Amino acid sequence: MKALLILLLTFLTSISFANEIDQLQTAADVNQFLGEKVHKIYQKYPLIDITDTTQTSFPRFFKIDFDNNGLTDLFINGNYLLLVLDRSNNKYDIHYFNNGFNRVSLLGVDFMNQSKKIIIHQSRMSVTKPDTLIFRFGGFIEDKPQQLVKDFKLDTLRLRTYDCYGECPVFHMTIHKNRTVRYNAILFNNQEGMLWGEIPEKEFEELIDLLKYLNIPELNDKYAVNWTDDQPIYTDIIYNNTKKYIYDYGGIGTFGLRLLYKKMFNWRDTIDWKE
Numbered sequence: 003m004k005a006l007l008i009l010l011l012t013f014l015t016s017i018s019f020a021n022e023i024d025q026l027q028t029a030a031d032v033n034q035f036l037g038e039k040v041h042k043i044y045q046k047y048p049l050i051d052i053t054d055t056t057q058t059s060f061p062r063f064f065k066i067d068f069d070n071n072g073l074t075d076l077f078i079n080g081n082y083l084l085l086v087l088d089r090s091n092n093k094y095d096i097h098y099f100n101n102g103f104n105r106v107s108l109l110g111v112d113f114m115n116q117s118k119k120i121i122i123h124q125s126r127m128s129v130t131k132p133d134t135l136i137f138r139f140g141g142f143i144e145d146k147p148q149q150l151v152k153d154f155k156l157d158t159l160r161l162r163t164y165d166c167y168g169e170c171p172v173f174h175m176t177i178h179k180n181r182t183v184r185y186n187a188i189l190f191n192n193q194e195g196m197l198w199g200e201i202p203e204k205e206f207e208e209l210i211d212l213l214k215y216l217n218i219p220e221l222n223d224k225y226a227v228n229w230t231d232d233q234p235i236y237t238d239i240i241y242n243n244t245k246k247y248i249y250d251y252g253g254i255g256t257f258g259l260r261l262l263y264k265k266m267f268n269w270r271d272t273i274d275w276k277e
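Right, here's the structure in full:
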């Protein structure tokens, strides 16, 4: 009887740790999941064309725990690339690889090792060779030799976005070295006005590690897409008595920069803001 009870508890525990992504078996399952859990747009425009019988070099989707939180995540190789990270309790963090007319195609994968990597090609004309991306700091960024950054001391990090042709979130966010954040929610945000908050310690440490990894002096001062009506993003990084100003029209900078933007965009809705 005791052995049966232990077996039953083990079974129930395994069910509790399973997530919806674990249940996905076919491309049709994935399309339905995306339409219901990620965005309704995928109900009208499925990400995977199930009528396409062309043989591909890689599966249409992969189910892997990328962020090692015990929950299976979903990487989709469909009409474009998409990463869905399961944050538990029916909450998902979505990572897009395409940007406007810059199309990204999958050339290679290495998901067997602890360091999960993909090789991609970007269609924009200025990119002439494939990019190798590695999953770090909660997203895919450029894979490069780890450079030891000594005595990196952040003073302030400021992100300013402005309007585009559409409903782009317009806000200013300034992060201070003591983890406090000033957030001015201007337009198309879930909040309004000037707010204050604090970044959780673990997330702040990951932010600092990401900034170190970016190798800030090597970043360009300007990035821009070759089309109009997109959103301008200004990033000011003050550290080690040095200032770095970056203008990014269309958010087309490095994948590392895009991950930085994503974190700051996400903090609009995850931090406990006070007036």
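In the working numbering, each number is its position in the sequence shown, counted from 1, plus 2.
Ideal placement from N, C-alpha and C gives every residue a C-beta, glycine not left out.
Since the structure is predicted, the reported quantities are computational estimates derived from the model, not experimental observations.
{"query": "Stretch pair the stretch 226-237 + the stretch 162-173: three plus CB contacts closer than 8 Å", "result": "yes"}
{"query": "Secondary structure of Leu278, DSSP reduced to three states", "result": "Residue 278 is absent from the structure shown; the chain starts at 3 and stops at 277."}
{"query": "Per-residue burial, Asp250 [other beta carbons within 10 Å of its own, 16 or more giving buried]", "result": "buried"}
{"query": "7 Å Cβ cutoff met for Arg62 and Ile43", "result": "no"}
{"query": "Residues that DSSP places opposite Asn104 in a beta bridge", "result": "Asn101"}
{"query": "Which of helix, strand or coil DSSP assigns to Gln124", "result": "strand"}
{"query": "Those residues which DSSP pairs with Thr182 across a bridge", "result": "Glu200"}
{"query": "Sub-7 Å separation of Leu75 and Leu83 beta-carbons", "result": "Note on identity: in this sequence residue 75 is Asp, with Leu being the wrong assignment. No, the pair does not count as a contact, with Cβ atoms beyond the cut-off."}
{"query": "For Asn268, three-class secondary structure by DSSP", "result": "helix"}
{"query": "Per-residue burial, His97 [other beta carbons within 10 Å of its own, 16 or more giving buried]", "result": "buried"}
{"query": "Inter-residue Cα distance where the pair is Asp133 and Arg270", "result": "30 Å"}
{"query": "Exposure label - Lys118; buried when at least 16 CB within 10 Å", "result": "buried"}
{"query": "Residues near Asn21 in its chain [Cβ-Cβ closer than 7 Å; skip 5 each side]", "result": "Leu73, Thr74 and Asp88"}
{"query": "Inter-residue CB distance, Leu135 and Ile143 (contact presumed, cutoff 8 Å)", "result": "6 Å"}
{"query": "C-beta contact flag for Asp232 and Gly252 at 7 Å", "result": "yes"}
{"query": "Bridge partner(s) assigned by DSSP for Pro234", "result": "Tyr251"}
{"query": "Three-state class that DSSP yields for Val151 in the structure shown", "result": "coil"}
{"query": "Closest by C-alpha distance to Lys131, when choosing among Tyr263, Phe113 and Ser107", "result": "Ser107"}
{"query": "Whether Leu154 touches Arg181 by CB criterion (7 Å)", "result": "The residue asked about is misnamed: residue 154 is Phe in this sequence, not Leu. Contact: no."}
{"query": "CB contact below 7 Å: Ile218 versus chain B", "result": "The structure shown has no chain B; it contains just one protein chain."}
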